[in-house]
Amino acid sequence: EDVNENPVMGDSFYKMIEEKAFYTMHIVENKGLIRCYLQVYLLSILAFISCGKFYLAGLIYYPYSVAAKLNPFLKIITLDDGMANIQQESSNPYFSNKPLGDSSSILRKLLNFVFPDGSAFFIRKKTMLHYTIYKHFENIVPREKLKYVTIDWESYLSYEDVLFLNRFIKSEVSLLIGTVFQEPEASRLRDERKRNFVKDIQKEFLPKLDLIISHPRDSSNISQLKITRSFHGTAESVVEFLQNQSMVNKINIIHLGTSSAPIIKTFSKVKIYDIFAGT
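Numbering-wise (the numbering used here), the sequence shown opens with residue 3 and increments by one.
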């Protein structure tokens, strides 16, 4: 999981799906491929029997591919997994056409024989529909298989969130979208300048900020500041609320490679700065 992803919105959406689901099972892949495959295959059979659909976020995991291979009637519908679905980099496994690199075991050799182009390639081909919040972006499937989801971000804010945000309704607002500051290596802080940013953030940026949107897993001293808040909604929720206030003319946003950036950039009042990219 990317530490800059927003687990609050992800968790809430998954809970909503679970409430509608015929059956739900939580699977941890590192407990063993065969065990996970059997669990996934059971779910695929239940989906078929109940005339339901099989929704999938992560498509690089072999238990899903094995289950789909052995259940030809399975209808696979995928959905965004953070920004992994739109970052078409050579290092992104979601766009990989390669098999497993290490074929030392019999099981890996078998998987590479069955899936010569890898798990992600197989699932992409099998996907009949993909739900995405990222409009006008290339995704893991062709455009004709994309279904754009419009979200009322502001509606996820609680009454208490709105009361808190009312304090920042003014002509120009500056905010930081937080990360897990106590995990600098996991946060992709590769060079000394970025590591120093985390250490010195209160000195360097705090005087310029009105608000810090806290990451749910952040337990650093940043999360304890008075201007820091963990919202019921997402960063998009906060920005959309400010965007909709007539008194707000400009929203300055600083972030560290957040997956919210593609959505936030579309708001007309936003000026955004990425610490990672330096732009």
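No residue lacks a Cβ here, since even glycine has one placed at the ideal position from N, Cα and C.
It should be emphasised that the depicted structure is a prediction, and the values quoted were computed from it without experimental measurement.
**Study point:** DSSP bridge partner residues for Lys149 (one or two, in chain order)
**Key:** Locating residue 149 in the sequence shown gives position 147, where the first residue counts as 1. In the DSSP output, where bridge partners are listed per residue, Lys149 has Tyr133.
Review point. DSSP beta-bridge partners for His138?
Key: In the sequence shown, counting from the first residue as 1, residue 138 sits at position 136. According to DSSP, His138 bridges with nothing at all.
Check your understanding: Leaving out five residues before and five after Ser46 in sequence, what residues of the same chain have Cβ atoms less than 7 Å from its Cβ?
Key -> Reading the sequence shown from its first residue, position 44 is the one you call residue 46. Excluding positions up to five away in sequence, the list reads Phe56, Ala69, Asn73 and Leu76.
Practice item. Since I believe Ile215 is in contact with Phe243 (beta carbons under 8 Å), could you give me their beta-carbon distance rounded to a whole number of angstroms? Key: Here residue 243 refers to the residue found at position 241 when the sequence shown is read from its first residue. Here residue 215 refers to the residue found at position 213 when the sequence shown is read from its first residue. Not confirmed; about 12 Å, so no contact.
Check your understanding: Helix, strand or coil: how does DSSP classify Ser176 here?
Key -> Counting from one through the sequence shown, the residue named residue 176 turns up at place 174. In the structure shown, Ser176 sits in a strand (DSSP, three-state: E or B).
Point to revise | Whether Tyr133 touches Lys149 by CB criterion (8 Å) | key: Within the sequence shown, the letter at position 131 stands for residue 133. Within the sequence shown, the letter at position 147 stands for residue 149. Yes, they are a contact pair.
Check your understanding: So the beta strand (DSSP E) Tyr158 belongs to, where does it begin and stop?
Key -> For the purposes of this step, residue 158 is taken as residue 156 along the sequence shown, with counting starting at 1. From DSSP, Tyr158 is part of no beta strand (DSSP E); its letter is neither H nor E.
**Study point:** Cβ neighbour criterion (16 or more within 10 Å) applied to Pro144
**Key:** Position 142 of the sequence shown holds residue 144. Answer is exposed; the Cβ neighbour count stays below 16.
Point to revise | Residue interval of the alpha helix (DSSP H) (run including Val2) | key: The structure shown does not extend to residue 2, since the chain spans only 3 to 281, so no value can be given for it.
Check your understanding: Would you say Pro65 and Leu102 are within 8 Å of each other, going by their C-beta atoms?
Key -> Here residue 65 refers to the residue found at position 63 when the sequence shown is read from its first residue. Here residue 102 refers to the residue found at position 100 when the sequence shown is read from its first residue. Contact: no.
Exercise for review: Please report how far the alpha carbon of His217 lies from the alpha carbon of Ile179, in whole angstroms.
Suggested key: Counting from one through the sequence shown, the residue named residue 217 turns up at place 215. Counting from one through the sequence shown, the residue named residue 179 turns up at place 177. Whole-angstrom Cα-Cα distance: 8 Å.
Practice item. Along the beta strand (DSSP E) that carries Val272, what are the first and last residues, could you check? Key: Position 270 of the sequence shown, counted from the start, is the residue given in the question as residue 272. First-last of the beta strand (DSSP E) with Val272: Val272 to Asp276.
Point to revise | Residues that Asn94 bridges to, as DSSP identifies them | key: Walking along the sequence shown from the start, residue 94 turns up at place 92. DSSP output for Asn94 lists no bridge partner at all.
Check your understanding: Val241 and Ile256 look like a contact to me (Cβ under 8 Å); what is the Cβ gap, rounded to whole Å?
Key -> As a position in the sequence shown, residue 241 is number 239, starting the count at 1. As a position in the sequence shown, residue 256 is number 254, starting the count at 1. So it is not a contact: roughly 12 Å between Cβ atoms.
Check your understanding: Under the criterion of a Cβ to heavy atom distance below 7 Å, does Ser225 qualify as lining the ligand ADP?
Key -> Absence of the ligand ADP from the depicted structure is noted, as is the absence of any ligand whatsoever, leaving it without description.
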